[in-house]
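Down below is the structure, laid out as structure tokens.
Number of protein chains: 2
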Amino acid sequence: MASIKDVAASAGVSVATVSRVLNGHPSVSADARERVMAAVAALGYRPNAVARSLRTDQTHTLGLVISDVLNPYFTALARSVEEEARALGYSVIIGNADERPELQDHHVRNLLDRRIDGLLVSPTDGGSPLMLDAARAGTPMVFVDRWIPGVDVPVVRADGRAAVRDLVAHLYALGHRRLAIIAGPAATTTGSERVEAFRAALAEYGLPLPDAYIGQGDFQAESGRRVTEGFLDLPEPPDVVFAADNLMALGALDAVRARGLRVPDDIALAAFDDIPWFVHTDPPVTAIAQPTGELGRAAVRALVDRIEGRTPRSVTLPARLVVRRSCGEPPTPSPVQRSTT
Amino acid sequence: MASIKDVAASAGVSVATVSRVLNGHPSVSADARERVMAAVAALGYRPNAVARSLRTDQTHTLGLVISDVLNPYFTALARSVEEEARALGYSVIIGNADERPELQDHHVRNLLDRRIDGLLVSPTDGGSPLMLDAARAGTPMVFVDRWIPGVDVPVVRADGRAAVRDLVAHLYALGHRRLAIIAGPAATTTGSERVEAFRAALAEYGLPLPDAYIGQGDFQAESGRRVTEGFLDLPEPPDVVFAADNLMALGALDAVRARGLRVPDDIALAAFDDIPWFVHTDPPVTAIAQPTGELGRAAVRALVDRIEGRTPRSVTLPARLVVRRSCGEPPTPSPVQRSTT
DNA sequence: GGCAGGGATGTAATCGATTCCACGAGTCCA
DNA sequence: TGGACTCGTGGAATCGATTACATCCCTGCC
Numbered sequence: 001m002a003s004i005k006d007v008a009a010s011a012g013v014s015v016a017t018v019s020r021v022l023n024g025h026p027s028v029s030a031d032a033r034e035r036v037m038a039a040v041a042a043l044g045y046r047p048n049a050v051a052r053s054l055r056t057d058q059t060h061t062l063g064l065v066i067s068d069v070l071n072p073y074f075t076a077l078a079r080s081v082e083e084e085a086r087a088l089g090y091s092v093i094i095g096n097a098d099e100r101p102e103l104q105d106h107h108v109r110n111l112l113d114r115r116i117d118g119l120l121v122s123p124t125d126g127g128s129p130l131m132l133d134a135a136r137a138g139t140p141m142v143f144v145d146r147w148i149p150g151v152d153v154p155v156v157r158a159d160g161r162a163a164v165r166d167l168v169a170h171l172y173a174l175g176h177r178r179l180a181i182i183a184g185p186a187a188t189t190t191g192s193e194r195v196e197a198f199r200a201a202l203a204e205y206g207l208p209l210p211d212a213y214i215g216q217g218d219f220q221a222e223s224g225r226r227v228t229e230g231f232l233d234l235p236e237p238p239d240v241v242f243a244a245d246n247l248m249a250l251g252a253l254d255a256v257r258a259r260g261l262r263v264p265d266d267i268a269l270a271a272f273d274d275i276p277w278f279v280h281t282d283p284p285v286t287a288i289a290q291p292t293g294e295l296g297r298a299a300v301r302a303l304v305d306r307i308e309g310r311t312p313r314s315v316t317l318p319a320r321l322v323v324r325r326s327c328g329e330p331p332t333p334s335p336v337q338r339s340t341t
Numbered sequence: 001m002a003s004i005k006d007v008a009a010s011a012g013v014s015v016a017t018v019s020r021v022l023n024g025h026p027s028v029s030a031d032a033r034e035r036v037m038a039a040v041a042a043l044g045y046r047p048n049a050v051a052r053s054l055r056t057d058q059t060h061t062l063g064l065v066i067s068d069v070l071n072p073y074f075t076a077l078a079r080s081v082e083e084e085a086r087a088l089g090y091s092v093i094i095g096n097a098d099e100r101p102e103l104q105d106h107h108v109r110n111l112l113d114r115r116i117d118g119l120l121v122s123p124t125d126g127g128s129p130l131m132l133d134a135a136r137a138g139t140p141m142v143f144v145d146r147w148i149p150g151v152d153v154p155v156v157r158a159d160g161r162a163a164v165r166d167l168v169a170h171l172y173a174l175g176h177r178r179l180a181i182i183a184g185p186a187a188t189t190t191g192s193e194r195v196e197a198f199r200a201a202l203a204e205y206g207l208p209l210p211d212a213y214i215g216q217g218d219f220q221a222e223s224g225r226r227v228t229e230g231f232l233d234l235p236e237p238p239d240v241v242f243a244a245d246n247l248m249a250l251g252a253l254d255a256v257r258a259r260g261l262r263v264p265d266d267i268a269l270a271a272f273d274d275i276p277w278f279v280h281t282d283p284p285v286t287a288i289a290q291p292t293g294e295l296g297r298a299a300v301r302a303l304v305d306r307i308e309g310r311t312p313r314s315v316t317l318p319a320r321l322v323v324r325r326s327c328g329e330p331p332t333p334s335p336v337q338r339s340t341t
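The listed protein sequences derive, respectively, from chains H and X. Here full-length UniProt numbering is used: the first residue of the first sequence is 1, the next is one more, and so on. Here full-length UniProt numbering is used: the first residue of the second sequence is 1, the next is one more, and so on.
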């Protein structure tokens with residue numbers, strides 16, 4: 001592969017001049033510029049990003065560590081992150097932690113070794129020393145969706161509290177009184193916050209949230225299935241199951257169907273995170289939709305602000321309730337209610 | 001960030017010795033090794049992968065360019081690719097082409113500039129000069145899922161022909177005679193092959209595939225919707241719509257529902273690519289399942305073989321039909337038929 | 001005792017870029 | 001006419017690693 005030296009030789013100039021041409025430095029004669037461009041074209045020369053990064057100490061690359069690529073919510077997030085990053089001149093390397101802290105550490109370490117310019121993380125746990133050290137050491141970092149309390153890192157996320165309140169109001173209006181939740185890991189902020197928001201909303205309606213109605217999931221479908229089976233085995237099963245993410249909702253649906261029961265007649269279902277498929281499940285699932293695209297874009301902007309020396313801002317955007325049929329009585333019949341993720 | 005020089009100084013040895021320790025070179029005294037390790041730990045030193053890559057001309061990184069991250073099929077593929085690569089000591093950088101050739105080129109160029117060790121591609125089109133040149137120039141490359149004919153690059157893919165034949169048999173047995181297909185872009189192998197397989201299978205049953213029953217899609221949901229609307233507007237609409245990928249099937253479902261029609265009573269639906277959600281759609285969708293995980297792993301193995309000087313093999317694995325209820329009469333009732341993707 | 005061989009180590013070249021500095025030539029103005 | 005300045009250019013240092021080569025010292029064998 002041709003290097004800058006080959007270009008210089010072929011154009012009859014020094015490597016310094018070639019570099020100046022390539023970087024748009026003003027002080028280059030038109031003649032030299034032309035000869036260099038010709039040589040570049042003739043040789044099919046492309047600058048070696050590795051060498052450039054070594055010298056400039058910039059990789060123009062962002063790392064994105066997400067909890068689960070198979071989760072459509074995170075895929076959508078990753079996509080919007082990549083789009084915005086590309087628009088700002090950055091590439092993105094995605095690390096999939098699969099909800100496993102040690103994998104998360106593996107990716108963070110790998111990304112740091114590659115000297116990415118900044119890190120976007122949706123932490124799987126309370127934060128390993130590795131990540132905390134990196135943050136403290138000054139690695140530009142932004143948390144997205146989930147975050148770690150007590151660390152001085154901007155957070156870009158959705159606030160689901162209002163939407164959860166709307167959901168509970170909706171459920172209450174439909175006559176449901178025994179509401180259960182499949183929670184995410186308590187070590188994640190989204191895991192604990194959603195339970196708290198749910199509990200607070202229930203309290204407004206004078207409804208309890210007994211421990212038996214709080215199932216411990218891990219954001220994966222299988223745990224949704226398991227927890228739901230537990231709920232169904234209760235002497236007094238809940239009227240509604242609220243899954244704290246879309247995959248656990250999928251598992252819940254599995255469990256309900258495996259028993260030969262029907263949603264919403266036998267038990268209602270709602271989920272946090274709206275995804276396109278929820279329109280087409282049987283029945284369509286009532287969900288809380290996050291502004292995923294805007295979240296990803298805002299996170300990238302905050303991170304790039306930080307990298308380029310500006311002051312990044314934390315951002316909180318509202319989530320909103322999308323009512324479908326999985327909790328009972330359909331909303332006023334209308335054209336297919338499409339997803340908005 | 002500490003460099004190898006700092007470690008050398010702190011350990012009282014030369015950088016060469018530090019490098020030897022770090023790379024497990026045998027000719028280092030126990031004493032020196034120990035002092036180096038201590039210094040490494042004390043400084044929290046991590047080798048700079050950028051510098052290392054520049055010197056060794058290896059990045060231990062694979063590029064994966066896929067057509068659409070939002071498509072669960074490709075996400076699953078990406079996941080298995082990353083897993084296998086990690087097991088073999090490589091990282092993966094994913095580029096999402098979004099079915100747009102120019103974006104695909106952008107990512108290929110970007111990955112090449114970063115001097116990735118090898119490229120895994122599921123081409124969005126017939127192949128840009130950029131990609132063909134790279135292949136000819138000797139960049140280790142493997143095609144996965146889709147490929148470009150006439151290029152000397154190993155291909156790892158699933159052969160859906162037998163499964164398509166099974167599907168047609170199934171449809172025929174259910175009494176369907178007017179079968180239509182939503183095809184992918186003809187420029188992609190999967191786009192054209194699936195139509196050909198379908199046509200060939202229909203021929204075995206003496207069924208025609210009129211042009212009006214071949215809708216041109218682009219593997220995205222919206223095109224599935226549009227094509228399906230066209231089918232429904234036909235004086236003689238088809239009995240069955242076979243979507244060449246899961247997203248177009250989703251669009252088809254949308255279109256059918258928007259008309260107030262029902263699957264499979266009014267029109268049946270089948271899809272290429274099985275995904276977990278198909279179990280839970282209304283109705284569950286009959287689909288052709290690819291061995292996605294094995295495909296990803298085999299592709300990585302082939303690519304790494306090529307990179308490390310062994311001879312890579314092309315691999316073709318069989319896809320298989322998963323019957324659910326979207327084409328009519330359920331299969332013998334049984335426990336929930338789970339997805340297998 | 002001397003020499004060959006091998007182990008441990010350091011020096012320095014190298015990878016491919018960027019960029020500081022110096023230098024020559026040309027321009028402008030006093 | 002000469003000095004100051006600008007512009008275009010090249011030489012060389014530099015980024016942080018790896019590694020060929022040279023050196024030194026120790027051991028073992030004849």
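Glycine residues also receive a C-beta, built at the ideal position from the N, C-alpha and C atoms. From a predicted model like this one, the values you see are computed outputs, not experimental measurements.
- Below the 9 Å Cβ cutoff, chain H contributes V69, I94, G95, N96 as neighbours of X/E82, in chain order.
- Fully contained in the segment 45-69 of chain X are the following beta strand (DSSP E) runs of length 3 or more, in chain order: 61-66.
- Membership of X/Q104 in the alpha helix (DSSP H) is indicated by the continuous run 101-113.
- Rounded to the nearest whole angstrom, the C-alpha separation of X/A249 and X/A212 is 18 Å.
- If you ignore the 5 residues before and after H/A97, its C-beta comes within less than 8 Å of the C-beta of V65, I66, S67, D68, L103, Q104, H107, T124, all in its own chain and listed in chain order.
- Of all alpha-carbon atoms in X/A203, X/G224, X/R146, the one lying nearest the alpha-carbon of X/S192 is that of X/R146.
- Only G44, R46, P47, N48, A49, V50, A51, S53, L54 from the UniProt domain "HTH lacI-type" (2-56) of chain H bring a Cβ to less than 8 Å from some Cβ of chain X.
- Contact annotation: the segment 298-306 of chain H touches the segment 112-127 of chain H, with at least three C-beta pairs closer than 8 Å.
- Chain-ordered, the chain X residues with CB closer than 7 Å to the CB of H/S91 read N110.
- Taken through DSSP and simplified to helix, strand or coil, X/R320 comes out as strand.
- Residue pairing by DSSP leaves H/V36 without any beta bridge partner.
- Listed in chain order, the beta strand (DSSP E) runs fully inside the segment 167-225 of chain H are 179-183, 214-216, counting runs of at least 3 residues.
- Under DSSP, X/A158 forms a beta bridge with X/L317.
- Distance from the CA atom of H/M131 to the CA atom of X/A271, rounded to whole angstroms, is 43 Å.
- The three-state reading of DSSP puts X/G296 in helix, counting H, G and I together.
- Neighbours of H/H280 in chain X, taken as residues whose beta carbon is under 7 Å from its own, are L250, L253, T281, D282 in chain order.
- In this model, X/A173 and X/G328 are separated by some 10 Å (Cα to Cα).
- With distances taken between CA atoms, H/S314 lies nearest to H/A299 out of H/R320, H/V323, H/A299, H/E229.
- Contact annotation: in the segment 267-279 of chain H, residues whose CB is within less than 7 Å of a CB in chain X are P276, W277.
- Within 10 angstroms of the beta-carbon of H/N71 lie 16 or more other beta-carbons, which makes it buried.
- Buried is the label assigned to X/R297, since at least 16 other Cβ atoms lie within 10 Å of its Cβ.
- Distance from the Cα of H/T189 is smallest, within the candidate group H/R157, H/G175, H/R177, H/L179, for H/R157.
- Contact note: H/D113 reaches chain X through R46, P47, N48, A49, using a C-beta cutoff of 8 Å and chain order.
- Across the structure, X/A244 and X/A183 are spaced so that their CA atoms are roughly 5 Å apart.
- Annotation for X/R178: P238, D239 place their beta carbon closer than 6 Å to its own, counting only its chain and skipping 5 residues before and after.
- Taking all protein chains shown into account, H/G138 has fewer than 16 neighbouring C-beta atoms within 10 Å of its C-beta and is therefore exposed.
- Here the alpha carbon of X/D266 sits roughly 39 Å from the alpha carbon of H/G217.
- H/V285 is positioned such that its CB atom lies no closer than 8 Å to that of H/S223.
- In the DSSP assignment, X/M141 falls within the unbroken beta strand (DSSP E) covering 141-144.
- Looking at the backbone, the Cα of H/A162 and that of X/E204 are separated by about 58 Å.
- Taking all protein chains shown into account, X/P140 has 16 or more neighbouring C-beta atoms within 10 Å of its C-beta and is therefore buried.
- At a cut-off of 8 Å between beta-carbon atoms, X/T188 makes no contact with chain H.
- H/S27 places its beta carbon less than 8 Å from that of H/R20.
- Around the C-beta of H/T17, 16 or more other C-beta atoms lie within 10 Å, and the residue is accordingly described as buried.
- At a C-beta separation below 7 Å, H/T75 has these neighbours in chain X: V69, L70, T75.
- In this structure, H/F219 lies near H/P185, with their beta-carbon atoms less than 8 Å apart.
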